[in-house]
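See below for the structure under consideration.
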Amino acid sequence: MEPSEGLMEVSVIGGYLGAGKTTLVNHILRQASERVAVMVNDFGEINIDQALIDSRSENTISLTNGCICCSLVDGFVSALESVTSFRPRPTRLVIEASGVADPGAVAAYGHGPGLALDAVVVVTDATRLSEQIADPLIGQTVASQIVSADVIVVNKIDLVDNLAVAKSELGKLNPDALLAYASHGEVNLDLFFGREIARTDRPTGHVGMFESRTHESTKPISREAFEVLVENLPQEIQRVKGIVRLTEAPHVAMVFQLVGRNWELRALADRQNSPHGNRLVVIGPKGSIPMEWDNALRSGN
Amino acid sequence: MSNESVEIFTAKRIITMSPALPFAQAIAVRGDRILGVGTVDDLSQWGDYELNEQFKDHILLPGFVEAHSHVMAGAVWEFPYVGFYDRADPAGRTWLGCQTIAAVVDRLAECERDLTDPDQTLLAWGLDPIFLEGERLVAKHLDQISTTRPIFVFHASGHLATVNSEMMRRSGIDRHTPTPGVAKDVDGEPNGELQEPAAMSLAQGGLSAIGIAMMSPNAKWNYAREARNCGVTTIADLGTTRLALDGQLEAWRQATDDANYPARVVVAFGHFDISLENKDSNPMVSLAVRLRDEEETAKLRFGIVKLVLDGSIQGFTARISWPHYVNPPPGHPGNGLWLIPPEQMADIVSSYHEAGLTVHCHCNGDEAAQVFIDAVETALQRHPRWDHRHTVQHCQLTTTAQYKQMAALGMNANIFSNHIFHWGDQHASTTVGEERAAGMDACATAEREGVKFSVHSDAPITPMGHLHTAWCAVNRLTASGRVLGPEERISVAKALEACTIDAAHQLKLDHDIGSLEAGKLADFAVLEEDPFEVSPEELKDIPVWGTVVGGISHVAGSK
Numbered sequence: 003m004e005p006s007e008g009l010m011e012v013s014v015i016g017g018y019l020g021a022g023k024t025t026l027v028n029h030i031l032r033q034a035s036e037r038v039a040v041m042v043n044d045f046g047e048i049n050i051d052q053a054l055i056d057s058r059s060e061n062t063i064s065l066t067n068g069c070i071c072c073s074l075v076d077g078f079v080s081a082l083e084s085v086t087s088f089r090p091r092p093t094r095l096v097i098e099a100s101g102v103a104d105p106g107a108v109a110a111y112g113h114g115p116g117l118a119l120d121a122v123v124v125v126t127d128a129t130r131l132s133e134q135i136a137d138p139l140i141g142q143t144v145a146s147q148i149v150s151a152d153v154i155v156v157n158k159i160d161l162v163d164n165l166a167v168a169k170s171e172l173g174k175l176n177p178d179a180l181l182a183y184a185s186h187g188e189v190n191l192d193l194f195f196g197r198e199i200a201r202t203d204r205p206t207g208h209v210g211m212f213e214s215r216t217h218e219s220t221k222p223i224s225r226e227a228f229e230v231l232v233e234n235l236p237q238e239i240q241r242v243k244g245i246v247r248l249t250e251a252p253h254v255a256m257v258f259q260l261v262g263r264n265w266e267l268r269a270l271a272d273r274q275n276s277p278h279g280n281r282l283v284v285i286g287p288k289g290s291i292p293m294e295w296d297n298a299l300r301s302g303n
Numbered sequence: 007m008s009n010e011s012v013e014i015f016t017a018k019r020i021i022t023m024s025p026a027l028p029f030a031q032a033i034a035v036r037g038d039r040i041l042g043v044g045t046v047d048d049l050s051q052w053g054d055y056e057l058n059e060q061f062k063d064h065i066l067l068p069g070f071v072e073a074h075s076h077v078m079a080g081a082v083w084e085f086p087y088v089g090f091y092d093r094a095d096p097a098g099r100t101w102l103g104c105q106t107i108a109a110v111v112d113r114l115a116e117c118e119r120d121l122t123d124p125d126q127t128l129l130a131w132g133l134d135p136i137f138l139e140g141e142r143l144v145a146k147h148l149d150q151i152s153t154t155r156p157i158f159v160f161h162a163s164g165h166l167a168t169v170n171s172e173m174m175r176r177s178g179i180d181r182h183t184p185t186p187g188v189a190k191d192v193d194g195e196p197n198g199e200l201q202e203p204a205a206m207s208l209a210q211g212g213l214s215a216i217g218i219a220m221m222s223p224n225a226k227w228n229y230a231r232e233a234r235n236c237g238v239t240t241i242a243d244l245g246t247t248r249l250a251l252d253g254q255l256e257a258w259r260q261a262t263d264d265a266n267y268p269a270r271v272v273v274a275f276g277h278f279d280i281s282l283e284n285k286d287s288n289p290m291v292s293l294a295v296r297l298r299d300e301e302e303t304a305k306l307r308f309g310i311v312k313l314v315l316d317g318s319i320q321g322f323t324a325r326i327s328w329p330h331y332v333n334p335p336p337g338h339p340g341n342g343l344w345l346i347p348p349e350q351m352a353d354i355v356s357s358y359h360e361a362g363l364t365v366h367c368h369c370n371g372d373e374a375a376q377v378f379i380d381a382v383e384t385a386l387q388r389h390p391r392w393d394h395r396h397t398v399q400h401c402q403l404t405t406t407a408q409y410k411q412m413a414a415l416g417m418n419a420n421i422f423s424n425h426i427f428h429w430g431d432q433h434a435s436t437t438v439g440e441e442r443a444a445g446m447d448a449c450a451t452a453e454r455e456g457v458k459f460s461v462h463s464d465a466p467i468t469p470m471g472h473l474h475t476a477w478c479a480v481n482r483l484t485a486s487g488r489v490l491g492p493e494e495r496i497s498v499a500k501a502l503e504a505c506t507i508d509a510a511h512q513l514k515l516d517h518d519i520g521s522l523e524a525g526k527l528a529d530f531a532v533l534e535e536d537p538f539e540v541s542p543e544e545l546k547d548i549p550v551w552g553t554v555v556g557g558i559s560h561v562a563g564s565k
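Here is the structure:
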């Protein structure tokens with residue numbers, strides 16, 4: 003790595019065969035607003051519009067939007083070498099784990115030289131989840147994958163009537179993971195790119211039908227006032243993430259994560275480099291993001 | 007008629023493994039093939055000959071066929087050995103085992119002095135800390151050898167490496183390195199032990215150097231020399247995904263085309279796990295077919311596809327049926343790992359099966375074996391095909407019911423008998439418990455149920471050597487000296503079939519090798535003593551003179 007270059011953030015996409023990992027990877031390649039490198043087992047599955055292909059070699063495809071695909075057929079370390087030597091250097095690496103792999107084990111590579119692990123994303127098939135977890139052959143494999151997840155994409159929700167069962171199964175296995183619901187793998191990439199937001203400083207903008215807005219202020223806010231703010235969020239808001247400072251302990255940067263109705267507030271692990279003040283990114287359908295957040299954060303009540 | 011001259015070899019006894027003429031005194035060779043077997047008198051009917059009596063005090067057998075080993079067995083000898091047991095290298099030199107940390111350090115210090123480039127990494131292999139008493143070998147021990155040269159010591163398990171401080175400095179491994187598997191001491195400093203590939207790959211020029219060595223011509227030559235030293239004339243490199251890349255096919259051709267290359271090699275195409283839409287969407291089939299149809303030579307064979315379905319028993323990653331593992335480590339999830347989704351197996355097996363290829367599938371656990379056997383049954387229902395010889399590899403916990411099903415489906419087994427000696431005690435105490443350990447690697451059951459089987463070393467996992475592997479199948483003695491599962495012992499004759507004709511059968515080469523009879527290739531194992539004359543306990547101790555491959559003799563231990 004050249005000293006002037008930043009770390010490449012690593013996202014691992016796991017999940018059992020048929021859950022929709024490749025669909026999600028295709029979605030990422032179409033929607034990415036940064037230079038993404040994806041590492042996949044098989045090019046054949048990646049559905050790239052011929053018009054988008056800039057150049058192609060045996061194990062690498064370069065796209066006109068700056069993204070690259072790299073095949074894992076020649077081994078993980080070799081693929082990693084081609085990705086990190088690619089210029090201009092990708093800012094994000096997305097690794098598609100095999101359908102039986104433990105994505106947590108794959109994520110161990112995400113701390114290599116020049117890399118920073120961002121999140122383990124596990125895709126599950128909402129129509130088959132309970133059946134798969136109960137299966138004597140594959141139950142343990144599916145459960146282990148779910149346990150490794152930071153973010154779980156509950157996919158194919160258009161095909162199920164009631165998500166309560168899936169949600170309860172996932173909650174039992176991994177209560178800490180953030181749940182994101184999707185059909186056809188279509189999720190807002192801000193839901194899991196840049197989960198450790200304290201490290202990132204990328205512009206936010208429109209992604210598909212969603213919009214993102216960043217709220218920044220300097221004064222700490224009381225825990226009670228903040229919780230009221232969160233509880234009163236409109237239903238349409240899918241995702242909020244960022245750093246807040248509470249009046250109860252203003253020297254501690256707290257990471258706030260919200261997906262759907264689940265949210266968490268915890269101290270930032272890396273206190274030395276924590277950002278000052280409050281910085282929250284709110285994501286929701288266009289027009290749904292409340293303006294009062296700015297005022298509330300600034301008032302500090 | 008050919009003008010090539012006829013050479014008649016005489017021997018103390020020739021064990022042919024051909025039921026029609028099991029024993030003989032002489033064998034005639036023309037070119038690379040056997041002209042006939044019998045007495046010198048019988049063979050003189052083929053005309054003029056040259057009598058070769060160099061083996062008159064030796065025993066000749068069909069060259070042993072090692073149907074499951076890896077070219078890495080040759081690659082590791084690019085680097086010094088620091089394992090616990092004595093081990094012979096391809097040149098025949100015995101490396102004494104390093105039985106203390108001090109011995110490991112002394113061996114490495116000696117090798118370090120031979121390196122001229124001060125920046126060259128010192129690599130070594132074979133370390134097995136389980137056997138070393140006292141404290142564990144860590145970076146500070148390796149720092150005694152050099153504080154300026156990086157050192158990387160690869161463990162026998164393949165899962166760990168230990169490096170010195172200079173390697174950590176150059177690779178940026180420090181107390182802040184978050185990678186799981188970077189072992190740290192009580193003060194939070196890394197102690198030099200790197201666990202599993204993600205952590206090992208942080209050490210620059212470590213694992214990758216071993217990968218490069220595996221592709222080298224020297225590895226291919228050393229692999230065949232190791233085979234020659236133990237009487238093996240055909241070796242499988244069972245499963246490589248690199249076959250189509252980096253000029254590896256050409257490199258294999260170049261090595262094996264050399265008349266002095268002392269082995270035939272079956273390079274099995276390694277299936278790479280991708281999620282198939284269906285059995286007709288497997289892009290790897292055409293490559294495997296092309297290799298078989300267009301690239302074969304007398305000494306380089308294809309046609310086998312290798313799948314890996316589960317992990318290892320001693321690593322607690324094999325898929326075994328209930329009641330699973332008897333004494334797994336804390337935090338173990340209960341059962342092992344799948345390396346291919348089980349419900350894809352029928353389509354994957356069908357894709358190769360319908361192309362006429364033979365599928366060899368790594369199944370250590372019985373649950374994995376069942377998934378593979380059922381996949382073969384589905385493939386046969388979809389596409390009936392006779393004499394496919396699909397083979398369960400390792401076959402360590404395969405049950406009687408499974409052997410019956412395999413027999414009915416025409417499947418073969420390759421049984422990992424060396425496990426009885428190397429890990430049998432641990433299997434009884436820790437992995438699968440007494441009853442299942444006694445029934446592991448069940449050669450007698452395979453024989454009784456009518457499944458053709460071979461036995462193997464999986465070199466470099468255990469050292470190559472069919473006399474040792476046969477000894478394991480015949481005696482079932484563990485490292486501690488107990489007989490594990492006496493009911494599963496087989497006769498010396500059956501074990502020799504497993505090492506010759508039946509191993510050739512599962513590689514679909516028994517028309518060419520595996521027994522000594524007219525028309526077959528002139529491949530012999532040349533032994534100093536008769537395996538039917540020594541006691542079964544001494545089978546492994548029979549000295550090997552060397553081999554004959556295609557009529558050319560190769561003495562053990564030579565360059």
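Line by line, the protein sequences give chains A and B.
Read in order, the letters of the first sequence correspond to residues 3 to 303 in the numbering used here.
Read in order, the letters of the second sequence correspond to residues 7 to 565 in the numbering used here.
Virtual Cβ for every residue (Gly too), placed ideally from N, Cα, C.
Check                                                                                                                                                                                              : Outcome
Ends of the alpha helix (DSSP H) at Gly80 of chain B?                                                                                                                                              : Met78 to Ala81
Which bits of chain A does Phe322 of chain B rub up against, with CB to CB less than 9 Å?                                                                                                          : In chain order: nothing, as chain A lies at least about 12 Å away.
I'd like to check one pair, His400 of chain B with Asn420 of chain B: are the Cβ atoms closer than 9 Å?                                                                                            : yes
Check each residue of the region 143 to 156 of chain A: if its Cβ is closer than 7 Å to any Cβ of chain B, include it; give the result in chain order.                                             : Thr143 and Ser146
Exposed or buried, Asp393 of chain B, counting other C-beta atoms within 10 Å across all chains shown (16 or more means buried)?                                                                   : exposed
Counting only Cβ pairs nearer than 9 Å, list the residues of chain B close to Ala136 of chain A.                                                                                                   : Residues of chain B passing the Cβ test: none, with the nearest at roughly 14 Å.
Expressed to the nearest angstrom, what Euclidean distance is found between the alpha-carbon atoms of Leu143 of chain B and Thr153 of chain B?                                                     : 16 Å
Run through chain A and tell me which residues come within less than 7 Å of Pro339 of chain B, C-beta to C-beta.                                                                                   : Gln142 and Ser146
Using the Cβ count rule (16 or more neighbours within 10 Å means buried), how would you classify Phe29 of chain B?                                                                                 : exposed
Can you list, in chain order, the residues of the region 178 to 205 of chain B whose Cβ is nearer than 8 Å to any Cβ on chain A?                                                                   : Gly178, Thr183, Pro184, Thr185, Pro186, Gly187, Glu202, Pro203, Ala204 and Ala205
Taking only the alpha-carbon atoms, compute the straight-line gap between Glu302 of chain B and Cys367 of chain B and give it to the nearest angstrom.                                             : 22 Å
Check for me: the beta strand (DSSP E) holding Asp120 of chain A runs from which residue to which?                                                                                                 : Leu117 to Asp127
Could one say the Cβ of Ser2 of chain A lies closer than 9 Å to chain B's Cβ atoms, at least one of them?                                                                                          : Not covered by the structure: residue 2 of chain A. The range shown for chain A is 3 to 303.
Evaluate Pro252 of chain A with the Cβ neighbour count: other Cβ atoms within 10 Å of its Cβ, from every protein chain shown; 16 or more gives buried, anything less gives exposed.                : exposed
Could you tell me whether any Cβ in chain A is nearer than 9 Å to the Cβ of Trp344 of chain B?                                                                                                     : yes
Taking only beta carbons into account, state which residues of the region 232 to 249 of chain B come closer than 7 Å to chain A, listed in chain order.                                            : Thr247
Output, in chain order, the set of chain A residues within a Cβ distance shorter than 9 Å of Phe278 of chain B.                                                                                    : Asn43, Asp44, Leu74 and Val75
Compute the Euclidean distance between the alpha carbons of His389 of chain B and Val355 of chain B, then round it to the nearest angstrom.                                                        : 11 Å
What are the partner residues of Leu82 of chain A, as DSSP defines its beta bridges?                                                                                                               : DSSP lists no partner for Leu82 of chain A.
Do Arg1 of chain A and Arg58 of chain A have their C-beta atoms closer together than 9 Å?                                                                                                          : Lying outside 3 to 303, the shown extent of chain A, residue 1 of chain A is not represented and no answer is given.
Tell me, please, whether the CB atom of Glu11 of chain A is closer than 9 Å to any CB atom in chain B?                                                                                             : no
Determine, using beta carbons only, whether Ala509 of chain B and Cys236 of chain B come nearer to each other than 9 Å.                                                                            : no
Return yes when the Cβ of Val284 of chain A is within less than 9 Å of the Cβ of Val242 of chain A, no when it is not.                                                                             : yes
Show which residues of chain A have a CB atom less than 8 Å away from the CB atom of Ser214 of chain B.                                                                                            : Val79
Determine the DSSP secondary structure at Asp263 of chain B, reduced to helix, strand or coil.                                                                                                     : helix
Please list the partners that Gly114 of chain A has in chain B, where partner means a Cβ-to-Cβ separation under 8 Å.                                                                               : Thr185, Ala204, Ser207 and Leu208
Please work out which residues of its chain come closer than 6 Å, Cβ to Cβ, to Thr323 of chain B, disregarding the five sequence neighbours upstream and downstream, and give them in chain order. : Gly317, Gly342 and Leu343
Pull up the DSSP beta-bridge partners for Asp316 of chain B, would you.                                                                                                                            : B:Trp344
Would you grab the beta carbon distance between Leu117 of chain A and Val14 of chain A for me? Rounded to a whole angstrom, and I think it's under 8 Å.                                            : Actually they do not touch by this definition, with Cβ atoms about 11 Å apart.
Under three-state DSSP, which class holds Arg201 of chain A?                                                                                                                                       : A caution first: Arg201 of chain A carries a pLDDT of 35, below 50, which makes its placement in the model too unreliable to give a value.
Consult DSSP for Ser171 of chain B and reduce its assignment to one of helix, strand or coil.                                                                                                      : helix
As an exercise, report each continuous alpha helix (DSSP H) stretch of at least 4 residues that is fully enclosed by the region 53 to 116 of chain A, in chain order.                              : 78 to 87 and 105 to 109
Using beta carbons (cut-off 9 Å, strictly below), is Gly22 of chain A in contact with chain B?                                                                                                     : no
Are Ala524 of chain B and Val555 of chain B touching if we call contact CB-CB under 9 Å?                                                                                                           : no
So Trp429 of chain B is in the alpha helix (DSSP H); what residue range does that whole segment cover?                                                                                             : Asn424 to Gln432
Does the Cβ of Gln134 of chain A have 16 or more other Cβ atoms within 10 Å, making it buried, or fewer, making it exposed?                                                                        : buried
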